[in-house]
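For reference, the structure is listed below as C-alpha cells.
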Amino acid sequence: MTYLNLLWHFHQPWYIFPGSNRIERATITFRTLYNYYPMAKMIQESGTTLTCNFTVPLLLQIKKIDEGEIIDSFQEMLIEDSENDSVKIKIFLEDIPERIKNKNEILRKLMEKFFSQDISKREISDLKIWMHLVCFHPCMVRWFPEIKQLIEKGAGFDSDDRKMLVKLEKEIFSQTLGFYNNLWNSGLIEISITPGYHPIMPLVYDLSIAKKTKTSLQIPDIEFRYPEDVRGHIEMGFETAEKIFGKNVSGIWPAEGSISNEILDMLVDYNIKWIGADEQILHNTDVADKEISSTIYRWKNSFCIFFRNHEFSDRIGFVYHWWDEKSAAEDLFKKIEDFSENNEKILTIILDGENPWEWYRDGGSIFLPEFYGRINSSKKIKPITFSSACNLSMKNISLSNIPPGSWMGLHFDNWIGNPDANRLWQILANARKTVYQQTGKTPLHDGLRNLILMAESSDFFWWMSVSADITTKTKFYSLFQAIISSIYQTIGLKTPQEVLSAYLPATQIGQPDRAITATIDGKLTSFFEWSGASEIKIEQLWTTFQPFDLPVKKLFYGYDMKNLYFRLDISQKVFRAISVEIKEKGVIFSFDIPEGNFVFENIALVDFLEIKIPWEKIGSNDDVAFALKLKTSDTEIRIPPAGFVVFKKKIFDDDWTV
92 MTYLNLLWHF HQPWYIFPGS NRIERATITF RTLYNYYPMA KMIQESGTTL TCNFTVPLLL
152 QIKKIDEGEI IDSFQEMLIE DSENDSVKIK IFLEDIPERI KNKNEILRKL MEKFFSQDIS
212 KREISDLKIW MHLVCFHPCM VRWFPEIKQL IEKGAGFDSD DRKMLVKLEK EIFSQTLGFY
272 NNLWNSGLIE ISITPGYHPI MPLVYDLSIA KKTKTSLQIP DIEFRYPEDV RGHIEMGFET
332 AEKIFGKNVS GIWPAEGSIS NEILDMLVDY NIKWIGADEQ ILHNTDVADK EISSTIYRWK
392 NSFCIFFRNH EFSDRIGFVY HWWDEKSAAE DLFKKIEDFS ENNEKILTII LDGENPWEWY
452 RDGGSIFLPE FYGRINSSKK IKPITFSSAC NLSMKNISLS NIPPGSWMGL HFDNWIGNPD
512 ANRLWQILAN ARKTVYQQTG KTPLHDGLRN LILMAESSDF FWWMSVSADI TTKTKFYSLF
572 QAIISSIYQT IGLKTPQEVL SAYLPATQIG QPDRAITATI DGKLTSFFEW SGASEIKIEQ
632 LWTTFQPFDL PVKKLFYGYD MKNLYFRLDI SQKVFRAISV EIKEKGVIFS FDIPEGNFVF
692 ENIALVDFLE IKIPWEKIGS NDDVAFALKL KTSDTEIRIP PAGFVVFKKK IFDDDWTV
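Numbering of the sequence shown is given in the working numbering, commencing with residue 92 and proceeding in unit increments.
Printed below as a string of C-alpha cells:
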C-alpha cells in the first residue's frame with residue numbers, strides 16, 4: 092500500500108502599494124480563474140483526499156477583492172473605458188502567461204493590431220474581453236455556460252457582455268475560499284499555511300545562517316538578526332488562516348521549503364503537527380536511516396517533517412506536460428502503484444499547484460481528473476492528508492540537527508548572494524536597524540510591524556536573484572522601494588537616497604562582449620577560447636520549483652563573423668538529442684547525441700558540449716533569439732523554460748583569437 096501524501100502549493104506575493112486600495116496587476120484574477128477555483132472544483136468532483144497550502148498574501152488579496160476593500164483594476168477595466176486604457180492593457184498583458192496568450196488565435200491577432208497601433212475602438216473592447224476569457228481554465232467553459240457563449244460570439248462584444256463577465260468573475264471570487272473551506276470541513280482536504288509574507292525564515296532569523304550553507308556566492312557581511320520578526324510571520328499565518336477558514340491549521344510549508352535548526356526549534360512552540368521540507372536536506376544529515384518512504388521523521392520528538400520526493404514531484408511539474416494528458420496520468424498512477432513494492436510506504440509529493448498547468452496541452456483538465464479517478468479506485472494507493480500521515484503505523488525517528496537549506500538545495504542562493512539581492516538586504520537592514528533605534532524594545536504598532544514583515548517577503552530577493560526580464564525586476568523593486576519608504580515615513584524620518592535610487596541591475600543575462608572562435612572539440616582549447624562569451628547560470632532561469640539535479644549547469648554562447656557557438660557544462664551525459672531553435676527564422680537545428688565522448692564537425696562532447704552553427708544557415712538579423720531543447724529518454728528540458736534568450740548581433744572591432 093502506498094500512502095499518497097500530496098500537497099498543492101498556492102502562492103502569490105503582495106502586489107498592493109502602501110496607502111493604495113488598488114491592485115494594478117492581472118495576476119490574482121488570472122490565477123483565481125485558471126487555478127484556484129478549478130483546482131477546488133476538480134478535487135470536489137473526484138472526491139480525492141490531499142492537502143492545499145496557501146500563502147497569506149494570496150488569501151488576503153482574494154478576500155479583500157471579494158469584499159470590495161481592494162479594487163481590482165483588471166476587472167474594473169472591463170466596465171470602465173479611460174484614456175489610460177492602452178497603458179493598462181500593456182501592463183495586464185504582461186501578467187498573463189505567454190503560453191496562455193499564444194494559444195488563443197483571436198487574442199493573438201488582436202494583440203498584433205494593438206501593438207502595431209492599427210486597432211479600432213470596437214477591437215479594443217474585444218481585446219479587453221478576450222484578455223479575460225483566456226484567464227478561464229478549460230474546465231470553466233464546461234461549468235459556466237456564460238463563458239462558452241462569449242467564446243462562441245467571438246467579437247462585437249457590448250457593455251452587457253462586459254457587465255456579465257465582471258459579475259461572473261466576482262461570483263467566482265466570492266466562492267473560491269469558501270469552496271476550499273467546505274472541502275476542509277468535509278474532511279476531503281487539509282489546508283496548511285506558509286507563514287506571513289513568505290519570508291525565507293532562516294535569513295530573517297539571522298542573515299549569517301547563509302554563510303553556513305553550501306553556497307557558491309558571496310554572502311555579504313550585513314548585520315540582520317530578527318527572531319521576533321520570524322515569530323511575527325508565523326503568528327500572522329495562523330491568525331489569517333483562522334480568520335478566513337474559522338479554525339487553526341496544523342501544518343506549514345515554509346516559504347521555498349527553507350528551514351534551519353533555529354527555525355525548527357522555534358516552531359516547537361506553536362504546537363503544530365507537521366511541516367514539509369526537501370529530501371536533499373534529510374540526505375545531508377548524519378541520520379543513519381534515510382528511508383523516507385518507510386519512516387516518520389520528527390523534530391526532537393515533536394512535529395513531523397515530511398520530505399518531498401523529487402522524482403515524482405518533478406514528473407508532474409516538468410515531465411508530463413510534454414505528454415498526452417491521459418497517458419501521463421496513467422503513467423504516474425502506475426509508478427505510484429509500483430512504488431510500495433507490496434509494502435506499506437508513504438510517498439510525499441509537494442509542488443507548485445499553479446504554474447505547471449499552463450504548460451499542459453489541456454491545462455491539466457484531462458490529467459488531473461484522470462489521475463484522481465485512478466488513485467481513488469486503486470487498492471494499492473490510499474490518498475491521505477499530511478496530518479493523517481502523522482498517525483501512520485511506521486517507525487519514528489527523531490531528528491535534532493539538519494543543514495540549512497531549501498527546495499533549491501543546501502543554500503539560499505536564490506535569495507542572497509547576487510549583487511542585486513545583496514543591495515536589497517542592505518537597504519532592509521538599514522531600515523530595520525533604524526526602526527529599532529527609534530523604538531527600542533517597545534512593541535511595534537500594527538501598521539509599522541506589517542510594513543516590516545511585508546518588506547521581508549522572499550519574492551523581492553528572488554526576483555533580484557534570478558535571470559528575469561527587466562520589467563518584472565523593476566516592478567518588484569518599485570514595490571519594495573515604496574514599502575521601505577513607508578517604514579521611514581511612519582517613524583517620522585526622511586527616506587534615504589539609497590532607497591529612492593532607481594533600479595539599476597548589477598547582473599542580468601549579458602551580451603557577448605567580444606568575438607570568440609571556438610574549436611569544436613569538447614575541451615578548453617585555450618584559456619581565451621570562451622573568454623568574452625555570455626554566461627547563463629541555468630538554475631536561475633526557473634522562477635518556480637525547478638527540476639531536481641539539472642544535468643546542465645551553465646550555458647555559454649558567443650559568435651564571430653562566421654558562426655554562432657554554444658557551450659553547455661553538464662553534470663550527467665544523459666541526453667539523446669539536442670536542438671537549437673532560432674525564433675525569427677523558425678529554424679531548428681537538431682543533433683543526435685551518441686553514447687560516450689565524440690567529436691564531429693559541428694558538435695562535440697568530451698569535458699563539455701560544444702556546438703557550432705554557421706550564420707549563413709541562420710540569416711543576418713541583428714536581433715537573435717534562441718532556445719535549446721535537450722531530450723532524455725523520457726522528457727525534454729528547454730533552456731530557457733519559457734521565451735527565448737535574446738542578444739543583439741554586432742561586429743566587434745577586436746575580432747581576434749589566441
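Glycine residues also receive a C-beta, built at the ideal position from the N, C-alpha and C atoms.
- If one requires a minimum length of 3 residues, the beta strand (DSSP E) runs lying completely within the region 473-542 are 486-490, in chain order.
- Nearest neighbour of Asn-362 by Cα position, chosen from Thr-331, Glu-326 and His-374, turns out to be Glu-326.
- For Met-555, the CB contacts under 8 Å within the same chain, skipping 5 residues up- and downstream, are Asn-509, Asp-511, Ala-512, Arg-514, Leu-515, Lys-564, Phe-567 and Tyr-568 in chain order.
- Assignment of Asp-369 by DSSP, reduced to helix, strand and coil, places it in the strand class.
- When DSSP states are grouped into helix, strand and coil, Ile-134 belongs to the helix group.
- Across the structure, Asp-660 and Ile-673 are spaced so that their CA atoms are roughly 21 Å apart.
- Residue environment: Arg-233 is assigned as exposed (fewer than 16 neighbouring CB atoms within 10 Å of its CB, all protein chains considered).
- In the three-state reduction of the DSSP assignment, Cys-230 falls in the helix class.
- Here the C-alpha atom of Val-678 lies approximately 16 Å from the C-alpha atom of Asp-713.
- Going by DSSP, Val-715 is part of the beta strand (DSSP E) stretching over 714-722.
- For Arg-406, same chain residues with a beta-carbon under 7 Å away, outside a window of 5 residues either side, are Leu-423 in chain order.
- Your pair Ala-546 and Leu-519 checks out as a contact, with CB atoms roughly 6 Å apart and the cut at 8 Å.
- DSSP places Asn-175 outside any beta strand (DSSP E), giving it a letter other than H or E.
- Taking all protein chains in view, the Cβ of Thr-562 is surrounded by fewer than 16 other Cβ atoms within 10 Å, so the residue is classified as exposed.
- For Tyr-656, the enclosing beta strand (DSSP E) stretches over residues 654-661.
- The three-state reading of DSSP puts Phe-619 in coil, since its state is none of H, G, I, E or B.
- Within the same chain, Leu-655 and Phe-680 come within 6 Å of Ile-704 by CB-CB distance, once the 5 residues on both sides are set aside.
- For Arg-190, no beta strand (DSSP E) run applies; the uninterrupted alpha helix (DSSP H) run containing it begins and ends at 189-194, by DSSP.
- In this structure, Trp-621 sits away from Ser-491, with a CB-CB distance that is not shorter than 9 Å.
- Going by beta carbons, Thr-530 and Leu-539 fall inside the 9 Å limit.
- Under the 10 Å beta carbon count, Ala-522 is surrounded by 16 or more other beta carbons and is classified as buried.
- Around the beta carbon of Ala-246, fewer than 16 other beta carbons sit within 10 angstroms, so the residue counts as exposed.
- Every alpha helix (DSSP H) stretch that sits fully inside the region 237-319 and reaches 4 residues is listed by chain position as 250-276 and 292-296.
- Check the Cα spacing between Ile-441 and each of Glu-370, His-412, Ile-387 and Tyr-650: the tightest is with Glu-370.
- Inter-residue distance for Ile-730 and Leu-149 is about 29 Å (C-alpha atoms, whole angstroms).
- Between Gly-367 and Pro-345, the C-beta gap is smaller than 9 Å, which places the two residues in contact.
- Buried is the label assigned to Asp-504, since at least 16 other Cβ atoms lie within 10 Å of its Cβ.
- Non-local beta-carbon contacts of Gly-454 in its own chain, meaning distances under 6 Å to residues more than five positions away in sequence, involve His-228, Pro-229 and Trp-448 in chain order.
- The residue from Ile-488, Ser-558, Ile-578 and Phe-430 with its alpha-carbon nearest to that of Leu-542 is Ile-578.
- Taking C-beta atoms under 8 Å as the contact rule, Ile-702 and Phe-657 qualify, at a distance of about 4 Å.
- Taking 9 Å as the cut-off, the beta carbon of Leu-218 is found closer than this to the beta carbon of Phe-205.
- Ranked by how close their Cα comes to the Cα of Ile-507, the residues Trp-105, Ser-307, Ser-111 and Phe-735 have Ser-307 in first place.
- Runs of alpha helix (DSSP H) with 4 or more residues, each lying fully within the region 565-613, are found at 588-591, listed in chain order.
- Comparing alpha-carbon positions, the option among Gly-342, Val-178 and Thr-304 lying closest to Ser-283 turns out to be Gly-342.
- Per the coordinates, the alpha-carbon of Glu-432 lies some 10 Å from the alpha-carbon of Lys-471.
- Residue pairing from DSSP places Ile-704 in a beta bridge opposite Leu-655.
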